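A.B. asks: Here our numbering is used: the first residue of the sequence shown is 31, the next is one more, and so on.
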Amino acid sequence: MIKTYNICYACDDNYAPLAGVSIASFLKSSNSDESFNFYILDNEITQTNKEKIKTLKKIKECNIEFIRVDKSKFENLYLPNKKGYLSISSYYRFVISDIFKDIDKILYVDCDVIATTSIADFYNTDLTNYYAAVIEDTSCLENQHRLGFEENEIYFNAGVLLINLDLWRENNISTKLFETISDGLDDQDILNIILKGKKILVDNKWNWQGKAKNYKEKTPPALIHFITAYKPWITGSKLGFNNEYFKALKLTPWNNFYDQNIRRFFPIIHKDRKFIHICFLGVKTRIKYN
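1. Spatial neighbours of residue 149 within its chain, please: C-beta separation below 6 Å, excluding the five flanking residues on both sides.
2. Determine the DSSP secondary structure at residue 223, reduced to helix, strand or coil.
3. Ignoring anything shorter than 4 residues or poking outside the region 205–255, list the alpha helix (DSSP H) runs there in chain order.
4. Could you tell me the boundaries of the alpha helix (DSSP H) in which residue 75 lies?
5. Between which residues of its own chain and residue 96 is the CB-CB distance below 7 Å, once the five residues before and five after are set aside?
6. Is the beta carbon of residue 144 sitting closer than 9 Å to the one on residue 275?
7. Over what stretch of residues does the alpha helix (DSSP H) that includes residue 196 continue unbroken?
8. Once you ignore the five residues that flank residue 125 on each side, which residues in its own chain have a CB closer than 6 Å to its CB?
9. Would you mind giving the Cβ-Cβ distance between residue 138 and residue 38, rounded to the nearest angstrom? I have them listed as a contact below 8 Å.
10. Identify which residue in 243, 66, 181, 159 has its Cα closest to the Cα of residue 199.
11. Quick one: Cα of residue 314 to Cα of residue 134, how far?
12. Which partner residues of residue 166 appear in the DSSP bridge assignment?
13. For a minimum of 3 consecutive residues, which ranges assigned as the beta strand (DSSP E) are wholly contained in the region 125–172?
14. Taking the beta carbon of residue 113 as the centre, do at least 16 other beta carbons fall within 10 Å, making it buried, or is it exposed?
15. Mapping DSSP to helix, strand and coil, what is residue 192?
16. Report buried or exposed for residue 234, applying the criterion of at least 16 other Cβ atoms within 10 angstroms of its Cβ.
17. Taking the straight line between their C-alpha atoms, what separation do you get for residue 190 and residue 254?
18. Could you give the DSSP three-state label for residue 257: helix, strand or coil?
19. Rounding to the nearest angstrom, what Cα-Cα distance links residue 307 and residue 319 in this structure?
20. At what residues does the beta strand (DSSP E) containing residue 310 begin and finish?
21. Using the DSSP secondary-structure output, state which residues sit across from residue 294 in a beta bridge.
22. Assuming residue 342 contacts residue 207 under a Cβ cut-off of 8 Å, what Cβ separation, rounded to an integer in Å, is found between them?
23. Indicate the three-state DSSP secondary structure (helix, strand or coil) for residue 281 in the structure shown.
24. Please determine, among 288, 56, 117, the residue with the shortest C-alpha to C-alpha distance to residue 263.
Here it is in structure tokens:
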């Protein structure tokens, strides 16, 4: 069984603290005989934040590398208006098999993913003949219809991908991903189209995107993905699984009294395409305006 895990993030300086909290969660949740190589695809992260991330080695010794990506491939990249939070960093996954030429398997995770236990069972998923191990997206049915997928072709969430890099290279997946970029498709859509028919679906505990009340197990999901507007670092709420984020935050240089104790007492207002979202003391509501 593999006990050295290759984990990859892609982020700019705004998301660097979140990547740091995520790394801290993997380190604190691991078994004593497990080790990590963390690779961060670097979109102009400041030296200050890089040094802070490196201090996470005090939690557990690990390898942390920052890798600058050639931005010329991403010039004039289409970023869909429907997802204003998307940045060029989201598309760095498209070159992941070209960057890590000597690695056969890697776990890509978004910066807003928190680990609560060892990832051994997930990481050792047999990927023979599969491009990736994936988890169903919470909006699977809607996206299946939008992209014209058959009912049995699951639309997955691309925030957690266990990638067979060897097979990606053999089948020129990077090139195919870039060739599929077009108006109306975001990075997750493109990954779903290109990996269609060659992915293995695993339990949603490895990328839990839902509410805590809908999770029926006694222990938290293995990987918690904060996909909604009500992210704990925005609302300060410690309800549900949010407290797992604050446990990891305590281990990092970004921990502070305000985020841990005060933020949740101030109302948070967030606007997206259809709704005005309001969160106060962990209670959430939304008002449709469009």
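The C-beta atom is built at its ideal place from N, Cα and C for all residues, glycine as well.
It should be emphasised that the depicted structure is a prediction, and the values quoted were computed from it without experimental measurement.
C.D. replies: Straight from the coordinates:
1. For this step, residue 149 is matched to residue 119 along the sequence shown. Within the same chain, residue 149 has no close Cβ partners at all.
2. Here residue 223 refers to the residue found at position 193 of the sequence shown. If DSSP states are grouped into helix, strand and coil, residue 223 belongs with the helices.
3. 217–224
4. Residue mapping note: residue 75 aligns to position 45 of the sequence shown, counting from 1. Segment: none, residue 75 is in no alpha helix (DSSP H) and carries neither H nor E.
5. Here residue 96 refers to the residue found at position 66 of the sequence shown. Excluding residues within five positions, the ones whose Cβ falls inside 7 Å are 70, 72, 75, 80.
6. Translated into the one-based positions of the sequence shown, residue 144 becomes position 114. Translated into the one-based positions of the sequence shown, residue 275 becomes position 245. It is a contact, given that the beta carbons lie within the stated cut-off.
7. As a position in the sequence shown, residue 196 is number 166, starting the count at 1. Taken as a continuous stretch (DSSP letters only), the alpha helix (DSSP H) holding residue 196 covers 195–200.
8. Working through the sequence shown from its first residue, we reach residue 125 at position 95. Within the same chain, residue 125 has close Cβ partners 204.
9. Taking the sequence shown and counting its residues from 1, one reaches residue 138 at position 108. Taking the sequence shown and counting its residues from 1, one reaches residue 38 at position 8. Rounded, the Cβ-Cβ distance is 5 Å, consistent with contact.
10. Residue 199 sits at position 169 when you count from the first residue of the sequence shown. Here the closest residue by C-alpha is 159.
11. Residue 314 sits at position 284 when you count from the first residue of the sequence shown. Residue 134 sits at position 104 when you count from the first residue of the sequence shown. For residue 314 and residue 134, the distance between alpha carbons rounds to 43 Å.
12. On the sequence shown, residue 166 is found 136 positions in, with the first residue counted as 1. Answer is 186.
13. 135–139, 143–145, 162–166
14. On the sequence shown, position 83 is the one that residue 113 refers to. Low confidence applies here, because residue 113 scores a pLDDT of 48, under 50, leaving its location unreliable; read the following figure in that light. That one is exposed.
15. What you label residue 192 is simply residue 162 of the sequence shown in a count that begins at 1. It is a strand residue.
16. Position 204 of the sequence shown, counted from the start, is the residue given in the question as residue 234. The residue in question, residue 234, is buried, as its Cβ has 16 or more Cβ neighbours within 10 Å.
17. As a working note, residue 190 is residue 160 in the sequence shown. As a working note, residue 254 is residue 224 in the sequence shown. Those two C-alpha atoms are separated by around 10 Å.
18. Taking the first residue of the sequence shown as position 1, residue 257 is located at position 227. Note: residue 257 maps to coil in three-state DSSP.
19. Along the sequence shown, read from residue 1 onward, the residue named residue 307 stands at position 277. Along the sequence shown, read from residue 1 onward, the residue named residue 319 stands at position 289. One C-alpha to the other measures close to 11 Å.
20. Taking the first residue of the sequence shown as 1, we reach residue 310 at position 280. Per DSSP, residue 310 belongs to the beta strand (DSSP E) from 305–310.
21. By 1-based counting over the sequence shown, the position of residue 294 is 264. For residue 294, which the question treats as bridged, DSSP gives no partner whatsoever.
22. Outside the displayed span of the chain (31 to 320) sits residue 342, for which this structure offers no information.
23. Within the sequence shown, residue 281 is the residue found at index 251, counting from 1. Coil at residue 281, not helix or strand.
24. Within the sequence shown, the letter at position 233 stands for residue 263. Per the Cα distances, 288.
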